[in-house]
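Everything on this sheet refers to the single structure shown next.
Residue numbers (this note's numbering): 1331 to 1450.
In structure tokens form, the structure reads like this:
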């Protein structure tokens, strides 16, 4: 898959905590999280199937899939006009499971956090 326009050609030298924050930001978008969970559930899916499942516009889904692919969560395989995606790092499933465990004990606190809504 060609490099999407949302990334630079060369890696940016950043401290580890900044890179780690980018990992969390990658999954900090509800659309990207839903895409990743759908792929974990299905094993793989075409872009068309993912658009249908999410009920989101194709360009938006495409942009989020490019982010997930670029950051190493998913891989894309093209067969003619069809692009199929799958999760390539099995740790992604555990990562989401740990976040769910955290949320179980902190649902009210996370739900009440207005700082997260200020960027909208």
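C-beta atoms are modelled at their ideal positions from N, C-alpha and C, and glycine is treated no differently.
First through last residue of the beta strand (DSSP E) which encompasses residue i
| i | result |
| --- | --- |
| residue 1411 | Run containing residue 1411: none; DSSP gives neither H nor E here. |
Per DSSP, the bridge partner or partners of residue i
| i | result |
| --- | --- |
| residue 1356 | Answer is none; residue 1356 lacks a bridge partner. |
| residue 1376 | 1414 |
| residue 1404 | 1417 |
For residue i, the first and last residue of its enclosing alpha helix (DSSP H)
| i | result |
| --- | --- |
| residue 1385 | Looking at the DSSP string, residue 1385 is not in any alpha helix (DSSP H), and its letter there is neither H nor E. |
Identity of the residue in the options nearest residue i by Cα
| i | options | result |
| --- | --- | --- |
| residue 1407 | 1390, 1348, 1384, 1376 | 1376 |
Notebook entry, point to check: When the Cβ atoms of the stretch 1341-1357 are set against those of the stretch 1386-1404, are three or more pairs found closer than 8 Å?
Noted result: As far as the Cβ criterion goes, the stretch 1341-1357 touches the stretch 1386-1404, which means the pair count is three or higher.
Checklist line | Every unbroken beta strand (DSSP E) inside the stretch 1410-1438 [3 residues or more] | finding: 1412-1417
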